Amino acid sequence: MFPFSKGVGLALTLLMMSAASGARAEVVVIGHPSLPVNELDLQKVKELWLGKIKHLADNVPVRPVDQIPNSKVRDEFYMLTLDKSPQQVKAYWARITFTGKDTAPLALSDDASVRAWVASHPEAIGYIGGAPADNSVKVLFKLK
Amino acid sequence: MNNEKFNNMTRLATATAALLVFVAPAHAVDFGAFGNIRYLSSNQDAATQGFMLGGFDLYASHQIGDKTHVFVEYVMEGNGNTIVTDLERLSVSRSFNDKFTLAAGRFHTPIGYWNNIYHHGALLQDTAGRPNFLDFEDGADAILPTHTVGLAANGKFDTGRLQFSYDLAVGNGTSINTDNAADTRELEVNNSGDPNKSKAIAARLGIDSENSGVKFGISTVLNHIPESGVGTLGVAQGGTLVAQKIFGLDAKFEMDKFDALAEAYRFSNDNKTGAAKKNSATAYFAQFGYRFMEGWKVVYRHENVSFDVNDAYFKMLNREEYRQHVLTLRMDVDDSNAVKFEINRQRNAVSADENRAIVQWEFLIP
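Those protein sequence lines, which keep their order, are chains L and H.
Per the numbering used here, the very first residue in the first sequence carries number 1021; after that it's consecutive.
Per the numbering used here, the very first residue in the second sequence carries number 937; after that it's consecutive.
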């Protein structure tokens, strides 16, 4: 007969694993440590990733980077900031690109690539799922 | 497939392949396309009515490194029973900073608001068609140089409350071939050389106030329009047909569900043929839109072109004065497609009035 305590433990473990897989990861906006801005608000994040502004206060230039389409973190980011689906975001940037005057943010493959890029480009800001593992980048805004 | 179509498709494929060769690992080429299908009913000849394939507009944009950008746009559109392929835009640009970007190639002439914001993608604009007088050079009503082949510079200055922008262009300028029959003449963009040594200059200064939703612009085009043919009006090839100055004002206003856009142009034509007289002409439109519910918008536009019947510039192009009323109901199905229901009434100075009803389905492939 299967020991009761082991059965309960197994059931609890399975329950926790399923809860973890369905949990929403926190998405954070990160910047280079030398960026002379330590926090952003939601409005600024929206304007930056829609290409409406290229500078922060005191004329600080910033260059947002994106993650590639079909990235779950990307989809989460745009839903939390702009309330837009991946298709809507794609259509928005297609219209802007068509003017010939601007292009969509550079798209990187995953969280690690975004972290590495932001850590090596002083003007870069990006977003990743979860807090950064080290001080190579700093958190500017948290999206939940 | 005939030879011309094959050659056009080959050029398109070659241009696309050339773009792909220069793709750096982190910078993908952005492709997209706009298109539209329409049904037109009018009081004109039956041959001009029915279902029509609108333009299919294919574009590619590529960022090379941080500062260099390449853009190309091809349009395929119906011309009777044939499909014509035009290279509408091809440019390479280098952004040194927000205040200065230099570009070379074929681009939209920096005149007015509409010509710089709305291109061949009908989905972007609120009405089925452009104002008649803003028609592209190969259109039946074109009177303005909507494209330039040459060099351009642009930039922005943000003072906080106001944003100033400038667009400058110097290029080959348009020409007219009077050897062609009057009803087939068009403003030639001159993609491969200039019939005269004089270069055209165009400039627009924009002032935007994002907080109040108002944008203003003033623009000008200066061009000595040459004869590109052997010449039938007493001007030799390369000689000046018209020394033209165009001044324009544009204003756009947006607030909540309401928006308005107006542009006005004054032509000063110093004609070197015919009575060799200086003439002035005006062209303007005013458009108003109201989004009365989610996804639905009603738009009204009035257009007017007036000129002296003896103005050789308009006679050469076989144009006539007109007034037009346009009423459009726009239904946005989603972010990538819309349907427009439009009626317009055009009153011409010479030919019969035209009444049209259009249903147009437009889409974007992002």
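Don't be surprised by glycine CBs; every beta carbon is placed ideally from N, CA and C.
Model, not experiment: these values are computed from the prediction.
- At a cut-off of 9 Å between beta carbons, Q1061(H) makes no contact with chain L.
- For I1053(H), the chain L residues whose C-beta falls within less than 9 Å of its own C-beta are T1119, listed in chain order.
- Within its own chain, the residues whose Cβ lies closer than 7 Å to the Cβ of D1122(L), once the five positions on either side in sequence are excluded, are G1071 and I1116, listed in chain order.
- In the DSSP assignment, P1106(L) falls within the alpha helix (DSSP H) that extends over P1106 to F1118.
- Taking C-beta atoms as the reference points, I1079(H) and F1069(H) count as a pair closer than 9 Å.
- Relative to F1032(H), the option among T1021(H), R1025(H) and G1001(H) whose CA is nearest is G1001(H).
- For E1199(H), the number of other beta carbons within 10 angstroms of its own is at least 16, and it is reported as buried.
- CA-CA distance, D1192(H) to I1143(H), rounds to 20 Å.
- Here N1240(H) carries a strand assignment [DSSP, helix/strand/coil].
- In the three-state DSSP reduction, L1059(H) falls in the helix class (H, G or I).
- Listed by position along chain H, the residues whose Cβ is nearer than 7 Å to that of K1092(L) form an empty set, because the closest Cβ is around 19 Å away.
- Residues are counted here when their Cβ sits less than 9 Å from a Cβ of chain L; for the stretch 1266-1297 of chain H these are D1270, D1271 and S1272, given in chain order.
- In the three-state reduction of the DSSP assignment, S1128(H) falls in the coil class.
- Ranked by how close their Cα comes to the Cα of L1126(L), the residues V1085(L), K1066(L), I1073(L) and I1050(L) have V1085(L) in first place.
- Counted as a single uninterrupted DSSP element, the alpha helix (DSSP H) harbouring K1092(L) occupies residues K1092 to T1101.
- Within the same chain, P1081, V1082 and R1083 come within 7 Å of E1143(L) by CB-CB distance, once the 5 residues on both sides are set aside.
- The stretch 1105-1121 of chain H makes contact with the stretch 1165-1180 of chain H; the number of CB pairs closer than 8 Å reaches 3 or more.
- Nearest neighbour of P1046(H) by Cα position, chosen from G1091(H), T1018(H), T1095(H) and D1062(H), turns out to be G1091(H).
- In chain order, I973 and V1275 place their CB closer than 6 Å to the CB of W1297(H), counting only its own chain and leaving out the 5 sequence neighbours on each side.
- In the structure shown, the three-state DSSP call for V965(H) is coil.
- The three-state reading of DSSP puts T1176(H) in strand, counting E and B together.
- Taking the C-beta atoms as reference points, V1235(H) is found nearer than 9 Å to F1224(H).
- Beta-bridge partners of M1229(H) (DSSP): W1232(H).
- The C-alpha of G1041(H) is placed about 8 Å away from the C-alpha of T1084(H).
- Interface with chain L (9 Å Cβ-Cβ cutoff): H1083(H) is excluded.
- Annotated as proximal: L1087(H) and V1106(H), with beta-carbon spacing under 9 Å.
- Look at the stretch 1033-1045 of chain H: the residues with a C-beta under 9 Å from a C-beta of chain L are N1033, D1034, T1037, A1039, F1043 and H1044.
- Taking 8 Å as the upper bound for CB-CB distance, R1121(H) and L1253(H) are in contact here, some 6 Å apart.
- Around the Cβ of Q1061(H), a 10 Å sphere holds 16 or more other Cβ atoms; the residue is buried.
- Excluding residues up to 5 positions away in sequence, V1049, T1101 and F1161 lie with their Cβ nearer than 7 Å to the Cβ of V1065(L) in the same chain.
- Residues E1256 of the same chain have their beta carbon placed closer than 7 Å to that of V1286(H), with the five preceding and five following residues left out of the count.
- Cβ contact annotation for A1139(L) (same chain, cutoff 6 Å, sequence separation greater than five): S1156 and V1157, in chain order.
- Around W1232(H), the same chain offers L1265, R1266, M1267 and D1268 as residues with beta carbons nearer than 8 Å, after the five sequence neighbours per side are excluded.
- Boundaries for N1254(H): no beta strand (DSSP E) harbours it, and the DSSP string shows neither H nor E there.
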